[in-house]
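Just below is one structure, and these are the notes that go with it.
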Amino acid sequence: MSKFTVVLETIIITLGVRAPLFFGCRKFLLKPLYTDLRNIAAPTGVEEHERREDISDSNDFALEVLPTVSSNTSTSGPKHDVQAAPMKAMGRYFHENVAQMSFALCFSESCVLFAMIVCQGSGILSHGARILNWHISMTCLLVMILFVIPLSQIYLLTGRSSHMDGVRTERRKAPLLWRLFLTGAPYTICLLSFSYVPVPQGLNSADKLYTLLSRLIVIGTIILGLLSGFGAIRNAWDFFPVFSGSRKLEPTEQDVTSAEHALTRVRDDLLQRRLERDRREAATPKSGTSWLSNVVPSFRGNAEANALQREIDGLEALEYQMDRSLDVLKARRANALFSRTLRGKLTNWAGRLFAIYCIFRIISCILNIVTPMRDTDPSKSTPSTTTYPDIITHLLAYLVSLLPSMELTVDDISAISREISLGLVGVIIISSFRVLLRGVSRVVRLSSRNLGASLMLLVVAQLMGIYFLTTIVQLRTAFPLPAEPPDSAATPSNLFSTLPQFEVFGSLFDWSFILATTFSAVIRWVDARINGVD
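The numbering used here numbers the first residue of the sequence shown as 33 and each following residue consecutively.
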């Protein structure tokens with residue numbers, strides 16, 4: 033095998049696989065995804081009409097406001113506007129391009145990793161080309177997940193101006209060195225914390241890339257366990273009302289209309305109180321004739337202003353809760369109408385079956401924690417032969433054993449069920465991803481839909497890369513490594529030999545899953561009892 037062949041095959045893979053996946057993702061996949069993320073990041077409530085998208089979307093990368101041009105130089109005004117417009121537009125969409133390129137790169141490199149696994153199983157391409165492209169894609173994913181995406185997220189968050197009491201303040205661009213410090217300091221702390229993530233016992237920590245991947249899989253396993261646990265409870269809660277404690281009544285159109293009218297009245301009252309506050313602030317004298325005339329009336333004025341502000345705060349809390357209840361009421365009304373159709377009935381049955389799987393998944397994780405890991409073959413000492421007792425594995429093994437034409441061992445069924453289970457975990461995460469992203473947008477409280485969509489797209493790209501890496505690591509259990517000859521070269525002949533063993537991360541996923549399901553169930557139950565919103 034010559035180096036020319038390896039380079040030629042790498043060029044073919046880059047032009048025939050990487051580039052089409054990258055540009056195809058940006059053209060076909062990112063457009064609807066980014067639009068959906070902008071809708072998720074859309075602000076709601078009274079402040080929505082106060083937020084100007086054209087101002088907010090310019091973000092921190094736009095140019096400063098130019099000084100006012102005097103009347104004697106008014107002829108040069110249009111020229112400055114023409115020159116500043118393309119630069120402002122370029123700055124306006126800079127964060128959008130960074131987020132989309134990060135997502136497309138993570139997607140394309142993840143697909144290349146799976147393509148190399150397929151090529152290894154089919155005997156396509158040379159061994160050197162597969163190993164080279166495997167390391168290129170793995171390095172790109174690690175760099176994006178650990179360096180580029182976190183830095184972009186922190187840079188976007190530190191560049192936003194604060195919003196106090198729902199009033200948009202003027203945006204002042206911080207100096208570049210200060211912005212870099214605000215970005216680098218939190219990232220340095222995160223990177224230092226990442227270096228202290230323990231590598232599981234039994235893993236070789238000599239290779240730096242191998243160590244980075246092992247630590248990332250530890251964090252990724254915890255994140256995926258938390259997300260899948262949250263999604264499992266959400267699916268079981270939505271499709272089986274017995275878990276929420278009561279069956280939800282179907283709301284009528286009049287219920288929705290009454291809730292809308294009530295919310296409108298509260299918003300009108302809130303708007304009037306805010307206008308009154310603004311009038312009081314505008315009418316407050318800046319200077320008085322004497323010290324006594326300034327101090328004595330100020331006690332009464334401050335008391336009235338404080339009372340008005342407390343009233344505004346109460347109306348804002350009431351408006352938020354009523355708006356949330358109205359959204360839930362509209363969703364329940366839409367789901368009720370959709371459930372009457374044939375497509376809705378099929379969707380509900382599929383959802384119930386998937387909710388049953390989520391319940392089985394919870395039970396399996398509990399058994400995995402209670403029952404210690406056992407070895408399916410005591411004569412073997414390799415850790416790849418250890419499995420967890422899984423209800424779905426035993427059920428599949430029993431069903432397949434009933435077929436006379438199928439000759440599969442229990443280990444084969446276990447390997448297949450693990451891959452199916454990992455795919456279903458991905459479905460659980462995707463099913464609850466919209467709720468998760470909406471919660472992120474509420475916590476961050478971004479007023480710009482484009483900036484919120486870019487930030488959430490970076491989060492999606494990071495989680496997607498972590499999920500794909502975890503999936504590839506778990507695929508090692510389904511493809512046992514062949515015995516290496518004693519005189520083999522130092523370069524590994526199997527792609528999976530460069531990955532850590534997934535068995536050492538199994539209990540970590542189970543504990544994260546159970547903690548997430550318990551916490552999510554308690555929060556949903558308390559929220560339903562206190563606020564009446566499921």
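Where a beta carbon is used, it is the ideal one built from N, C-alpha and C, also for glycine.
Nothing here was measured: the structure is a model prediction, and the numbers come from that model.
Roughly how many angstroms separate the alpha carbons of A131 and L212, rounded to a whole number? Within the sequence shown, numbered from 1, the residue matching residue 131 stands at position 99. Within the sequence shown, numbered from 1, the residue matching residue 212 stands at position 180. Taking the straight line joining both Cα atoms gives about 19 Å.
Helix, strand or coil at R556 according to DSSP, with G and I counted as helix: For the purposes of this step, residue 556 is taken as the residue at position 524 of the sequence shown. Correct three-state label for R556: helix.
Review point. Looking only at C-alpha atoms, which of S184, A335 and L303 sits nearest to L487?
Key: The residue given as residue 487 occupies position 455 in the sequence shown. The candidate whose alpha carbon is nearest that of L487 is S184.
Practice task
Could you work out which residue in T503, D559 and T549 is closest to T253 when comparing CA atoms only?
Solution key: Residue 253 sits at position 221 when you count from the first residue of the sequence shown. Measuring from the Cα of T253, the nearest candidate turns out to be T503.
Worksheet item: Since L173 and C138 are thought to touch, with beta carbons under 8 Å apart, how far apart are those beta carbons, to the nearest angstrom?
Response: As a first step, residue 173 must be located in the sequence shown, where it is residue number 141. As a first step, residue 138 must be located in the sequence shown, where it is residue number 106. About 6 Å; that satisfies the 8 Å criterion.
ask   = Of the residues E336, A294, R466 and R297, which one's Cα is nearest the Cα of E313?
value = Taking the first residue of the sequence shown as 1, we reach residue 313 at position 281. The shortest Cα separation from E313 among E336, A294, R466 and R297 belongs to E336.
Query raised in the report: Residue ranges of each alpha helix (DSSP H) run of no fewer than 4 residues wholly in the segment 241-275, ordered along the chain?
Result: none
Pair every Cβ in the segment 254-262 with every Cβ in the segment 538-549, then say whether three or more of these pairs are closer than 8 Å. yes
Just to confirm, are N267 and S463 a CB contact at a threshold of 8 Å?
Counting from one through the sequence shown, the residue named residue 267 turns up at place 235. Counting from one through the sequence shown, the residue named residue 463 turns up at place 431. Yes, the pair counts as a contact, with Cβ atoms nearer than the cut-off.
Would the beta-carbon of I344 fall within 8 Å of that of R372?
Working through the sequence shown from its first residue, we reach residue 344 at position 312. Working through the sequence shown from its first residue, we reach residue 372 at position 340. No. Outside cutoff.
Exercise for review: Starting from the Cα of L188, find the closest Cα among L501, L489 and I460 and give me that residue.
Suggested key: To locate residue 188, count along the sequence shown from 1; it is residue 156. Of the listed residues, the one whose Cα sits closest to L188 is L489.
With distance defined between alpha-carbon atoms, name the residue in R364, G538, T171 and R299 nearest to L347. Within the sequence shown, numbered from 1, the residue matching residue 347 stands at position 315. Residue R299 is the option with its Cα nearest to L347.
Under the three-state DSSP convention, the category S464 falls into = By 1-based counting over the sequence shown, the position of residue 464 is 432. Here S464 sits in coil by DSSP.
Check: According to DSSP, is S371 helix, strand or coil?
Finding: Along the sequence shown, read from residue 1 onward, the residue named residue 371 stands at position 339. Residue state, collapsed to three classes: helix.
| query | Is C34 helix, strand or coil by DSSP? | reply | Translated into the one-based positions of the sequence shown, residue 34 becomes position 2. Reading the sequence as shown, one finds Ser at residue 34 and not Cys. In the three-state reduction of the DSSP assignment, S34 falls in the coil class, being assigned neither a helical nor a strand state.
- Query: When you compare only the Cα positions, how much space is there between M354 and V288?
  - Reply: The count along the sequence shown starts at 1 and reaches residue 354 at position 322. The count along the sequence shown starts at 1 and reaches residue 288 at position 256. So the alpha carbons of these two residues sit roughly 12 Å apart.
* Asked: What span of residues does the alpha helix (DSSP H) with Q506 cover, start to end?
  -> Along the sequence shown, one-based indexing puts residue 506 at 474. Start and end: R481 to L507.
- [ ] Identify, in the order they occur along the chain, each residue of the same chain with its Cβ nearer than 7 Å to the Cβ of G148, setting aside the five sequence neighbours on each side.
- [x] For the purposes of this step, residue 148 is taken as the residue at position 116 of the sequence shown. Residue identity differs from the one stated: residue 148 is Met in this sequence, not Gly. Excluding residues within five positions, the ones whose Cβ falls inside 7 Å are R162, N165, W166 and L527.
| task | Kindly list the residues whose CB is nearer than 7 Å to the CB of T42, restricted to its own chain and excluding five residues on each side of it in sequence; keep chain order. | result | Locating residue 42 in the sequence shown gives position 10, where the first residue counts as 1. Sequence-distant Cβ neighbours of T42 in its own chain, meaning closer than 7 Å and more than five residues away, are A161, L164 and N165.
- Item | Reduced DSSP secondary structure (H/G/I, E/B, other) of Q533 | Sequence index remark: in the sequence shown, residue 533 carries index 501 (1-based). Correct three-state label for Q533: coil.
task: Use the C-beta contact count for P182: other C-beta atoms within 10 angstroms, 16 or more gives buried, fewer gives exposed.
output: Counting from one through the sequence shown, the residue named residue 182 turns up at place 150. Buried, because 16 or more other Cβ atoms sit within 10 Å of the Cβ of P182.
Label V554 either buried or exposed according to how many other C-beta atoms from any shown protein chain fall within 10 Å of its C-beta, with 16 as the threshold for buried.
Sequence index remark: in the sequence shown, residue 554 carries index 522 (1-based). By the neighbour-count rule (16 or more Cβ atoms within 10 Å), V554 is not buried but exposed.
Check your understanding: With C-beta atoms as the reference, is F537 less than 8 Å away from I249?
Key -> Locating residue 537 in the sequence shown gives position 505, where the first residue counts as 1. Locating residue 249 in the sequence shown gives position 217, where the first residue counts as 1. In this structure, I249 lies closer than 8 Å to F537 by Cβ.
Sorted by chain position, which residues of the same chain lie with C-beta nearer than 7 Å to L157's C-beta, five sequence neighbours on each side aside? Counting from 1 along the sequence shown, the entry for residue 157 is found at position 125. Apart from sequence neighbours up to five positions away, the residues of its chain that approach L157 with a beta-carbon distance below 7 Å are E41 and C151, ordered along the chain.
Looking at the secondary structure, which residues open and close the alpha helix (DSSP H) in which L47 lies?
The sequence position of residue 47 within the sequence shown is 15, counting from 1. First-last for L47: undefined, no H or E at that position.
In whole angstroms, give me the CA-to-CA distance for D239 and S225.
Reading the sequence shown from its first residue, position 207 is the one you call residue 239. Reading the sequence shown from its first residue, position 193 is the one you call residue 225. Distance between the alpha carbons of D239 and S225: 20 Å.
| task | Identify whether S539 lies in helix, strand or coil by the three-state DSSP scheme. | result | On the sequence shown, position 507 is the one that residue 539 refers to. Note: S539 maps to helix in three-state DSSP.
**Message:** In the DSSP assignment, the alpha helix (DSSP H) including I163 goes from what residue to what residue?
**Reply:** Numbered from 1 along the sequence shown, position 131 holds the residue referred to as residue 163. Counting along the chain, the alpha helix (DSSP H) containing I163 begins and ends at H159 to V175.
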